[in-house]
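Trainee:
Number of protein chains: 2
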Amino acid sequence: MSPHPSAHVVRLGVLGHGVVGSAFVALVTQQANQILARSGVRLEVTKICVRDTTKKHSIPSGAVLVSDPVALVHDPQVDLVVEVMGGIEPARELVFAALGKHKPVVTANKALLARHGIELFNAADNAGTDLLFEAAVCGGIPLIRPLRESLRGEPISRVMGIVNGTTNFILTKMSEDGADYGDALAQAQQLGFAEADPTADVQGNDAASKIAIIASIAFGSIVRMDDVFTEGITKITSADITIARKFGYAVKLLGVAEMDEKSSMLSVRVHPSLVPLNNPLATVRESFNAVVVDGRASGSLMFYGRGAGGEPTASAVLGDVIDAAINLRKGTHAPLGTFSNVQLMPMSDVHCEYMIGLEVADKPGVLHTVTGVFARNGVSIRAAEQDGMGADARLVFLTHNANEAAVQRCLAEFKSLDVVSHVGALLRVIAG
Amino acid sequence: MSPHPSAHVVRLGVLGHGVVGSAFVALVTQQANQILARSGVRLEVTKICVRDTTKKHSIPSGAVLVSDPVALVHDPQVDLVVEVMGGIEPARELVFAALGKHKPVVTANKALLARHGIELFNAADNAGTDLLFEAAVCGGIPLIRPLRESLRGEPISRVMGIVNGTTNFILTKMSEDGADYGDALAQAQQLGFAEADPTADVQGNDAASKIAIIASIAFGSIVRMDDVFTEGITKITSADITIARKFGYAVKLLGVAEMDEKSSMLSVRVHPSLVPLNNPLATVRESFNAVVVDGRASGSLMFYGRGAGGEPTASAVLGDVIDAAINLRKGTHAPLGTFSNVQLMPMSDVHCEYMIGLEVADKPGVLHTVTGVFARNGVSIRAAEQDGMGADARLVFLTHNANEAAVQRCLAEFKSLDVVSHVGALLRVIAG
Chain A
1 MSPHPSAHVV RLGVLGHGVV GSAFVALVTQ QANQILARSG VRLEVTKICV RDTTKKHSIP
61 SGAVLVSDPV ALVHDPQVDL VVEVMGGIEP ARELVFAALG KHKPVVTANK ALLARHGIEL
121 FNAADNAGTD LLFEAAVCGG IPLIRPLRES LRGEPISRVM GIVNGTTNFI LTKMSEDGAD
181 YGDALAQAQQ LGFAEADPTA DVQGNDAASK IAIIASIAFG SIVRMDDVFT EGITKITSAD
241 ITIARKFGYA VKLLGVAEMD EKSSMLSVRV HPSLVPLNNP LATVRESFNA VVVDGRASGS
301 LMFYGRGAGG EPTASAVLGD VIDAAINLRK GTHAPLGTFS NVQLMPMSDV HCEYMIGLEV
361 ADKPGVLHTV TGVFARNGVS IRAAEQDGMG ADARLVFLTH NANEAAVQRC LAEFKSLDVV
421 SHVGALLRVI AG
Chain B
1 MSPHPSAHVV RLGVLGHGVV GSAFVALVTQ QANQILARSG VRLEVTKICV RDTTKKHSIP
61 SGAVLVSDPV ALVHDPQVDL VVEVMGGIEP ARELVFAALG KHKPVVTANK ALLARHGIEL
121 FNAADNAGTD LLFEAAVCGG IPLIRPLRES LRGEPISRVM GIVNGTTNFI LTKMSEDGAD
181 YGDALAQAQQ LGFAEADPTA DVQGNDAASK IAIIASIAFG SIVRMDDVFT EGITKITSAD
241 ITIARKFGYA VKLLGVAEMD EKSSMLSVRV HPSLVPLNNP LATVRESFNA VVVDGRASGS
301 LMFYGRGAGG EPTASAVLGD VIDAAINLRK GTHAPLGTFS NVQLMPMSDV HCEYMIGLEV
361 ADKPGVLHTV TGVFARNGVS IRAAEQDGMG ADARLVFLTH NANEAAVQRC LAEFKSLDVV
421 SHVGALLRVI AG
């Protein structure tokens, strides 16, 4: 018998009991009374699906460990499914199955949503049930809900942010301690901020999956991970960061989704960026995440916090679970709405300012040769600086607003020049 | 006839057509199609109540100017009431009347909510209709919704922030340009960031009303403006700011609501504070607002943006209006829940670190006399610094964690000492 006469019990089936799953189960157990007081809903974890039920798992009384995820989804003792197992399959099929049974689903699975989000959103709306996924993007930071609800009527022009904690940690170490990329990565790995195989983080793929989801929601458009132009941070040097600061910028790996008003094309991309030092994103340090939403009426909003980790992510899952449980009691749901096709801007059409570093022979005429390349391609220079001397000489250029295709032509020409020994990372300037 | 077959028309009555009201009406008209596409709701402004209908107002076709707010609330052509008139009366009665008619209300009125919020929340829940008020706190920043929904299950330990743009602008000018308080205030007035009578801003009352509302929502507790200990920025000097920076802090006027775990008492206060320079609040410049929510699971979250202004505030009103309109269509509402009595911590019980500046006679024995006062009252000193020379000599102390009552006893003693010519502002250190 329920101890709270008007309490509505919602029974949770949890797929996965790893870092996020176990943190979620602990949090929901610990917070049960506050949740009941504030929402009138009593959450009960009834089934937890793990790979190996013989392994020791600390679970609350009343919960049962199971090993068959399909059976969990169909279990009549499960009203709501929490998917925190990760990966594409079988997560995709399980979420579809749950929605097909009109069971709300809360998921933290960014890889799944960045690839199959639109189909899943449609399945949820068709079933008239909730699919909530705050935790899939930037861990504990409330971002999806403000975008979906608070800013539903807002004319949004751009959403961009630091959506990967690993790379932000590395860039912070490079910036503040002058560490080089390899040392900063090693430090991140030692402290658990980077995985043994850091590829998905440092190459920008993790950020790409998040910005794809964010762009879909912010612009009501169909954006998939494969649509995102992606460049990582592996070519960034601490010298790049030092000279960027001299020019008034911090170096950050940003996910950017930007609507071009003239062409109505959406540019979605991930790349190392120069952020003006007085932009609040420039001050986001270590493994923190932050996303800036530029609305025509709202102005610039920033959402900041822990973008990963078991507890922050579990916190976001719990917020969604409570919401879905309340809706379930009311027999309602929060429609995801229609997602329209949007024309994506090819990267070659993008315009911005650029910083380019070239290692060159320190002899007469080099600057003339290099600037000739820029001039021929119609790229105009705002500032140039020589960094270092002799064999280590490096020329660093900051361009005026230029076209990506033209800049790429310059880079190709530089690579073919004898006097250029190395073409450094291309850094794109974020406009205020 | 509706041009969209499945569209649900919600007719809005708008009380007030000032800076926020006119920005809201313009925004809802301009965004009507996006709102329809994303929410299935067609918003129509049918009635706008102004004080003087003979004055020129630019309003959309289909809307009618009226002068009787009571008639507007009862008008059968008004489904939802937007209260952007401000002030306590008649706003209070009008909101009660609308809720009594089961009409959802969206309000931007912080003064009203900070005094009568709990009664209004109860009235809304009793009527089974929505009372939404994102715009009443920090203008365009989505904060109330994340607190109410995303963080409903989160164990929150502290909410604090820069919730007044005028004072943050003044402190920024004092900090960055070395301006003194009077000049910075004059500049703020000239630029429209401060009113001709800046009292409510600079004395902290505006911030107090906002932190009262935020504390109510974050802790599910009854907190009214009169419960908030309030100190403004008028005693802050640019010398305070300079020396604070030397100690590693920025000076910010913060609203703070903090749960003391041991005593289960809630401390709610507004005062000039020392914020560690690596805290994200330290980097919030000019008239921007930002609120940090510390949750046990979520970690520190920050919400940042334009805390005032017609368009940002209108953006927040619109987000709420869409939400209430969707709920109205579904015949549901988002309950505000129960607010429990909480024991408020008297200011004299607060413990923190303090910075205190004293103008003293520059002669032997003064430091000994002053430190004797601290010692007798059990206040231990972490750092002391002499600022200036001769007649301008100032001693600045940074204490270890100390009790407010003990520190106030010290201040009273200092004021009675011959060798102390002036006791400066008391600055309270925000713990990381």
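Read top to bottom, the protein sequences are chains A and B.
Under this note's numbering, the first sequence has 2 at position 2, and the numbering climbs by one with no breaks.
Under this note's numbering, the second sequence has 419 at position 419, and the numbering climbs by one with no breaks.
For each residue, glycine too, the CB sits at the ideal point set by N, CA and C.
Here the structure is a predicted model, which is why all the values come from computation and not from measurement.
#1: Less than 8 Å between CB atoms is the rule here; does A/F303 satisfy it with respect to chain B?
#2: Looking only at C-alpha atoms, which of B/H400, B/G388, B/G16 sits nearest to B/N377?
#3: Looking only at DSSP bridge pairs, what is B/M225 linked to?
#4: Could you please give me the residues that DSSP links to A/R49 through a beta bridge?
#5: Verify whether the separation of the beta carbon atoms of B/T283 and A/P280 is less than 8 Å.
#6: Could you name the residues of the same chain whose beta carbon sits closer than 6 Å to that of A/V350, not counting the 5 residues immediately before and after it, in chain order?
#7: Assuming A/T270 and A/A207 make a contact with CB atoms under 8 Å, what is their CB distance in whole Å?
#8: Enumerate in chain order the residues of its own chain whose CB-to-CB distance from B/M265 is below 6 Å, with the five nearest sequence positions on each side excluded.
#9: So, B/G220 versus B/F339, is the Cβ gap smaller than 8 Å?
#10: As an exercise, report each continuous beta strand (DSSP E) stretch of at least 3 residues that is fully enclosed by the stretch 354–423 of chain B, in chain order.
#11: Is there a C-beta anywhere in chain A that falls below 8 Å from the one on B/R42?
#12: Could you give the first and the last residue of the continuous beta strand (DSSP E) run that contains B/H271?
#13: Give the range of the beta strand (DSSP E) segment to which A/S39 is assigned.
#14: In this structure, does DSSP put A/T237 in helix, strand or coil?
#15: If distances are taken between C-alpha atoms only, which option among A/R329, A/G365, A/A297 comes closest to B/Q30?
#16: Given that a residue counts as buried once 16 or more other Cβ atoms are within 10 Å of its Cβ, and exposed if not, what is A/L191?
#17: B/G18 to A/T230, Cα distance in whole Å?
#18: Residues of chain A with a CB under 9 Å from the CB of B/R145: which are they?
#19: Could you spell out where the alpha helix (DSSP H) holding B/I430 opens and where it closes?
#20: Within 8 Å (strictly less), CB to CB, does B/D323 reach chain A?
#21: Which residues in the same chain have their Cβ closer than 7 Å to the Cβ of B/A314, if we skip the five residues on either side of it in sequence?
#22: Do you know how far the Cα of B/P364 is from the Cα of B/I144?
#23: Determine the closest residue to A/V423 out of A/H368, A/Q386, A/I356, A/H102, with distance taken between C-alpha atoms.
#24: Output needed for A/A316: all residues of its chain with C-beta closer than 7 Å, excluding positions within five of it in sequence on either side, in chain order.
#25: Assuming A/G295 contacts A/S238 (C-beta within less than 8 Å), just tell me the rounded distance between them.
#26: As a quick exercise: from A/Y181, A/R51, A/V223, pick the residue whose alpha carbon is nearest that of A/G86.
#27: Should the stretch 37–53 of chain B be called in touch with the stretch 121–128 of chain B, which here means at least 3 C-beta pairs below 8 Å?
#28: What residue range is occupied by the uninterrupted beta strand (DSSP E) comprising A/D260?
#29: Could you tell me the distance, in whole angstroms, from the CA atom of A/L436 to the CA atom of A/E286?
#30: Return helix, strand or coil for A/H4, following the three-state DSSP convention.
#31: Exposed or buried, B/N168, counting other C-beta atoms within 10 Å across all chains shown (16 or more means buried)?
#32: Quick one: grab the DSSP three-state call for B/S157.
#33: Would you kindly check if the distance between the Cβ of B/K103 and the Cβ of B/V84 is under 8 Å?
#34: Could you name the residues of the same chain whose beta carbon sits closer than 6 Å to that of B/F121, not counting the 5 residues immediately before and after it, in chain order?
#35: Where A/A124 and A/V228 are concerned, what is the direct C-alpha to C-alpha distance, given to the nearest angstrom?
#36: Am I right that B/V202 and B/A212 are in contact with their C-beta atoms under 8 Å? What's the rounded C-beta distance?
Mentor: Once the coordinates are examined:
#1: What you label residue 303 of chain A is simply residue 303 of the first sequence in a count that begins at 1. Cβ-Cβ to chain B under 8 Å: yes for A/F303.
#2: Translated into the one-based positions of the second sequence, residue 377 of chain B becomes position 377. The shortest Cα separation from B/N377 among B/H400, B/G388, B/G16 belongs to B/H400.
#3: Here residue 225 of chain B refers to the residue found at position 225 when the second sequence is read from its first residue. BP columns for B/M225 are empty, so no partner.
#4: Mapped onto the first sequence, residue 49 of chain A falls at position 49. It is worth fixing the name first, because residue 49 of chain A is Cys in this sequence and not Arg. For A/C49, which the question treats as bridged, DSSP gives the partners A/L15, A/V66.
#5: Here residue 283 of chain B corresponds to residue number 283 of the second sequence, with the count starting at 1. Here residue 280 of chain A corresponds to residue number 280 of the first sequence, with the count starting at 1. Yes, the pair counts as a contact, with Cβ atoms nearer than the cut-off.
#6: For this step, residue 350 of chain A is matched to residue 350 along the first sequence. Correct list, in chain order: S267, E404.
#7: One-based indexing of the first sequence puts residue 270 of chain A at position 270. One-based indexing of the first sequence puts residue 207 of chain A at position 207. The residue asked about is misnamed: residue 270 of chain A is Val in this sequence, not Thr. The Cβ separation is near 5 Å, so the contact holds.
#8: As a working note, residue 265 of chain B is residue 265 in the second sequence. Counting only Cβ-Cβ distances below 6 Å, and skipping sequence neighbours, we find Q343, M345.
#9: Taking the second sequence and counting its residues from 1, one reaches residue 220 of chain B at position 220. Taking the second sequence and counting its residues from 1, one reaches residue 339 of chain B at position 339. In contact: B/G220 and B/F339 (Cβ atoms closer than 8 Å).
#10: Listed in chain order, they are 381–387, 394–399.
#11: Position 42 of the second sequence, counted from the start, is the residue given in the question as residue 42 of chain B. Chain A, which has no Cβ nearer than 8 Å to the Cβ of B/R42, makes this no.
#12: Within the second sequence, residue 271 of chain B is the residue found at index 271, counting from 1. 265–276 is the extent of the beta strand (DSSP E) around B/H271.
#13: Locating residue 39 of chain A in the first sequence gives position 39, where the first residue counts as 1. According to the DSSP assignment, A/S39 belongs to no beta strand (DSSP E) but to the alpha helix (DSSP H) extending over 32–39.
#14: By 1-based counting over the first sequence, the position of residue 237 of chain A is 237. In this structure, A/T237 counts as coil in the three-state DSSP scheme.
#15: Numbered from its first residue, the second sequence carries residue 30 of chain B at position 30. Closest by alpha carbon: A/A297.
#16: Position 191 of the first sequence, counting from 1, holds the residue named residue 191 of chain A. By the neighbour-count rule (16 or more Cβ atoms within 10 Å), A/L191 is not buried but exposed.
#17: The count along the second sequence starts at 1 and reaches residue 18 of chain B at position 18. The count along the first sequence starts at 1 and reaches residue 230 of chain A at position 230. Computed Cα separation, rounded: 46 Å.
#18: Position 145 of the second sequence holds residue 145 of chain B. Simply P142, R145, P146, E149, S150.
#19: Residue mapping note: residue 430 of chain B aligns to position 430 of the second sequence, counting from 1. Counting along the chain, B/I430 falls outside any alpha helix (DSSP H), and DSSP gives it neither H nor E.
#20: Here residue 323 of chain B corresponds to residue number 323 of the second sequence, with the count starting at 1. Yes, B/D323 lies at the interface with chain A (some Cβ there is under 8 Å from its Cβ).
#21: For the purposes of this step, residue 314 of chain B is taken as the residue at position 314 of the second sequence. V20, A23, F24, L27.
#22: For the purposes of this step, residue 144 of chain B is identified with residue 144 of the second sequence, where counting begins at 1. For the purposes of this step, residue 364 of chain B is identified with residue 364 of the second sequence, where counting begins at 1. When rounded, the distance between both Cα atoms is 55 Å.
#23: Mapped onto the first sequence, residue 423 of chain A falls at position 423. Residue A/I356 is the option with its Cα nearest to A/V423.
#24: The count along the first sequence starts at 1 and reaches residue 316 of chain A at position 316. Answer for A/A316: E134, A135, G139, G140, listed in chain order.
#25: As a working note, residue 295 of chain A is residue 295 in the first sequence. As a working note, residue 238 of chain A is residue 238 in the first sequence. By a beta-carbon distance limit of 8 Å, A/G295 does not contact A/S238. Their separation comes to about 36 Å.
#26: By one-based count along the first sequence, residue 86 of chain A stands at place 86. Taking only the C-alpha atoms, the option nearest A/G86 is A/R51.
#27: Per the Cβ contact rule, the stretch 37–53 of chain B is not in contact with the stretch 121–128 of chain B (fewer than 3 Cβ pairs under 8 Å).
#28: Locating residue 260 of chain A in the first sequence gives position 260, where the first residue counts as 1. Going by DSSP, A/D260 is part of the beta strand (DSSP E) stretching over 249–260.
#29: Outside the displayed range of chain A (1 to 432) lies residue 436 of chain A, so it cannot be described from this structure.
#30: Here residue 4 of chain A is taken as the residue at index 4 of the first sequence, counted from 1. Because A/H4 carries a pLDDT of 45, less than 50, the predicted location of this residue cannot be relied on, and no value is offered for it.
#31: Reading the second sequence from its first residue, position 168 is the one you call residue 168 of chain B. It is buried - the Cβ of B/N168 has at least 16 other Cβ atoms within 10 Å.
#32: Taking the first residue of the second sequence as position 1, residue 157 of chain B is located at position 157. Three-state DSSP puts B/S157 in a strand.
#33: Here residue 84 of chain B refers to the residue found at position 84 of the second sequence. Here residue 103 of chain B refers to the residue found at position 103 of the second sequence. Here B/V84 is not near B/K103, since their CB atoms are 8 Å or more apart.
#34: The sequence position of residue 121 of chain B within the second sequence is 121, counting from 1. Here the set comprises L336.
#35: Locating residue 124 of chain A in the first sequence gives position 124, where the first residue counts as 1. Locating residue 228 of chain A in the first sequence gives position 228, where the first residue counts as 1. Rounded to whole angstroms, A/A124 to A/V228 spans 25 Å at the Cα level.
#36: To locate residue 202 of chain B, count along the second sequence from 1; it is residue 202. To locate residue 212 of chain B, count along the second sequence from 1; it is residue 212. Between B/A212 and B/V202 the Cβ distance is about 18 Å, and since that is not below 8 Å, they are no contact.
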